[in-house]
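Undergrad: A single structure is presented below for examination.
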Amino acid sequence: MKFLNLALFLSIAVMTTAQAKVKMNSMNFNRDGQIGRIEIGLEQDLDRTPELEIRDGFIQVSLFDAFVWPKMEKKVSIQNSMDTTLSAYQFDNNSVRFRAYVPGGKDLNKNKVTLRMKDKAIWLEFPISGKIESAKAVPAVSRAPALDPASRKGNSEKYDESYLKKLLADKDNLNMELDKSKFVGQTDSAKNVMADAEDKVNVAQAATEKVQGFSLAGYAAKFVAFLALFIVILYGAVSFLKKGVLGKTKLGFLNSTKAVEVMSTTYVGPKRSMILVRAHKQVFLVGSSESGLQLISEVNDLPGVIKEGEKSLAGDNFDSSYSQAETTEKEFNLKTVLDAPAENQEIKETVKLSDQIKTKIKNLKPLQ
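Following the numbering used here, the residues of the sequence shown are numbered contiguously, the last one being 368.
Structure below.
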């Protein structure tokens, strides 16, 4: 009993230590020039290497043997102000998923993203294209100096011509900027298409590089849990047999033979009868009365008693010994014929009335 209790205690202790999960505490983003860094804070270092996946500008990290509660979300700025959300959620009972979207990062792949585990944290480093855009400053409009009424009249024509030239120059500059922005937009779209195609190829090739880490602690926990379950089942079966649940039937549930059987009962008088009882291979003649059962004698010829019962039911046609069979003739009667054939009755000929009259007239004596 002490051994079983010790085994159960050890199995529970090993399972709790093997299934201990690391909690995720924080997530931050920092930018160092054209390099972006994401820090995922943990309570302690992970035993298994996280799994990194990159697709269409999304960076996904799967943390095994970890948990996070509640779900974590944080707005950060990568290119524009607060243009990206870092999120971490519990994917299943044993893993946490971290996700981040990198604007303009469709050309990212596993060769450009670095994952490191250091000082109870996971560090992600990736390149960033472009600079953080801030609110554009509105250029100050210069005012023309005030003119005297005398000079205003003389310089009005020059002022009008110079102002018109300035407007035309601004219009030309604006058209050139519009054409340049269209050209830049077309080149950016072409680069994005090429980056998408390259990213799909890199992800497909990198899919074969995934390596699932083997956890010895998980395997040991499963083995100890199975061993503890087997010991508990064995202990329950032994205690079940000890209590005699199966012993109540004396293990006779597979044997249909009756140990004690009343073969016949013969009525003798009021509240008195004679009972023939068979106990295993012995037959006793017992008397039953108001005072109880009384043993009269033991019947030694058990086969003869059984034989007489068989003869009363089936006769002696199936006697095992042909020489001892009775040779008396059997009486039998044929079935009486109930439907006897009907007797043949002769059909009398009918004579017409006219013929009878004629015959009587002929037989009359002639009148004298």
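Glycine is no exception: its CB is placed at the ideal position from the N, C-alpha and C atoms.
Grab me the residues of Ala121's own chain with a C-beta within less than 7 Å of its C-beta, minus the 5 sequence neighbours each way, in chain order.
TA: Result list for Ala121: Glu39, Ile40, Gly41 and Leu42, in chain order.
Undergrad: Does Ala225 have its Cβ less than 8 Å from a Cβ in chain D?
TA: Annotation note: the requested chain D is absent from the structure, which comprises a single protein chain.
Undergrad: So, helix, strand or coil for Lys362, using DSSP?
TA: In this structure, Lys362 counts as helix in the three-state DSSP scheme.
Undergrad: Let me confirm a value: Gly105 is counted as buried when at least 16 other C-beta atoms fall within 10 Å, else exposed. Which label applies?
TA: Its Cβ being crowded by 16 or more others within 10 Å, Gly105 is buried.
Undergrad: If we ignore side chains and look at the alpha-carbon of each, how far apart do Ser162 and Asn173 end up?
TA: Ser162 and Asn173: Cα-Cα distance of roughly 17 Å.
Undergrad: Which residue comes first and which comes last in the alpha helix (DSSP H) that contains Leu293?
TA: Element bounds for Leu293: not the alpha helix (DSSP H) but the beta strand (DSSP E), Gly292 to Val299.
Undergrad: Apart from the five residues just before and just after Glu298, which ones in its own chain have a Cβ nearer than 6 Å to its Cβ?
TA: The residues are Phe284.
Undergrad: Are the beta-carbon atoms of Val232 and Val260 separated by less than 8 Å?
TA: No, they are not a contact pair.
Undergrad: Compute the Euclidean distance between the alpha carbons of Met82 and Val76, then round it to the nearest angstrom.
TA: C-alpha separation (whole angstroms): 5 Å.
Undergrad: To the nearest whole angstrom, what separates the beta carbons of Thr85 and Pro103, a pair I think is in contact under 8 Å?
TA: Going by Cβ atoms, the distance from Thr85 to Pro103 rounds to 11 Å, so no, they are not a contact pair.
Undergrad: Just to confirm before moving on: does the CB-CB distance between Ile128 and Gly57 stay below 8 Å?
TA: No, the Cβ-Cβ distance between Ile128 and Gly57 is not below 8 Å.
Undergrad: Is any heavy atom in the ligand FMN found nearer than 7 Å to the beta carbon of Met176?
TA: For the ligand FMN, the structure offers nothing, since it holds no ligand at all.
Undergrad: Could you check what DSSP says for Asn173 in three-state terms: helix, strand or coil?
TA: In the structure shown, Asn173 sits in a helix (DSSP, three-state: H, G or I).
Undergrad: Output the boundary residues of the alpha helix (DSSP H) element that contains Leu115.
TA: Element bounds for Leu115: not the alpha helix (DSSP H) but the beta strand (DSSP E), Thr114 to Met117.
Undergrad: Return the chain-ordered list of same chain residues with a C-beta closer than 7 Å to the C-beta of Asp65, the five sequence neighbours on each side being excluded.
TA: Same-chain partners within the cutoff: Lys21, Val22, Leu46, Asp47, Arg48 and Asn94.
Undergrad: Reducing DSSP to helix, strand and coil, say where Asp355 ends up.
TA: The answer is helix: DSSP assigns Asp355 an H, G or I state.
Undergrad: Can you have a look at Ile357 and say buried or exposed, based on whether 16 or more other CB atoms are within 10 angstroms of its CB?
TA: Classification of Ile357: exposed, given that the 10 Å Cβ count is below 16.
Undergrad: Tell me which residue opens and which closes the alpha helix (DSSP H) that Leu229 is part of.
TA: Run containing Leu229: Leu216 to Lys242, per the alpha helix (DSSP H) assignment.
Undergrad: Using the Cα positions of Tyr89 and Ala217, report the straight-line distance between them to the nearest angstrom.
TA: Between Tyr89 and Ala217, the C-alpha separation is close to 24 Å.
Undergrad: In angstroms, rounded to a whole number, what distance separates the CA positions of Phe91 and Arg97?
TA: Cα-Cα distance, rounded: 6 Å.
Undergrad: Does the Cβ of Ile78 have 16 or more other Cβ atoms within 10 Å, making it buried, or fewer, making it exposed?
TA: Ile78 should be labelled buried.
Undergrad: Near Phe67, what residues of its chain come up, given a Cβ to Cβ distance below 8 Å and the 5 sequence neighbours on each side ignored?
TA: Once the five neighbours on either side are set aside, the close Cβ partners of Phe67 are Lys21, Val22, Lys23, Met24, Gln90 and Val96.
Undergrad: Taking all protein chains shown into account, do 16 or more other C-beta atoms lie within 10 angstroms of the C-beta of Pro270, making it buried, or fewer, making it exposed?
TA: Pro270 comes out exposed.
Undergrad: Hey, could you find the ends of the beta strand (DSSP E) Ala279 is sitting in?
TA: From DSSP, the beta strand (DSSP E) with Ala279 extends over Arg272 to Ala279.
Undergrad: Starting from Ile38, follow its DSSP beta bridges and name the residues at the other end.
TA: Per DSSP, Phe29 and Leu124.
Undergrad: Based on DSSP bridge pairs, tell me the residues matched to Gln90.
TA: Paired residue(s): Val96.
Undergrad: Quick test of your reading: Leu168 and Lys110, contact by CB under 8 Å. State the CB separation rounded to the nearest angstrom.
TA: About 54 Å separates the two Cβ atoms, so there is no contact after all.
Undergrad: Distance, Cα to Cα, Asn80 vs Ala228?
TA: Straight-line Cα distance between these residues: approximately 57 Å.
Undergrad: What does Leu285 pair with, by DSSP beta-bridge criteria?
TA: Its beta-bridge partners are Leu276 and Ser297.
Undergrad: Just the Cα atoms here: how many angstroms apart are Ala279 and Phe230?
TA: Cα to Cα, Ala279 sits roughly 44 Å from Phe230.
Undergrad: Do the CB positions of Ala100 and Ile54 come within less than 8 Å of each other?
TA: Cβ distance not < 8 Å, so Ala100 and Ile54 don't count as in contact.
Undergrad: With the cut-off set at 8 Å, would you say Gly304 and Ile296 are in Cβ contact?
TA: Cβ atoms of Gly304 and Ile296: not closer than 8 Å.
Undergrad: Helix, strand or coil for Gly269? Go by DSSP, reduced to three states.
TA: DSSP places Gly269 in strand when its eight states are reduced to three.
Undergrad: Applying the 10 Å Cβ sphere with the 16-neighbour rule, what's the burial state of Val113?
TA: Classification for Val113: buried.
Undergrad: Helix, strand or coil, according to DSSP, for Pro103 in the structure here?
TA: DSSP places Pro103 in coil when its eight states are reduced to three.
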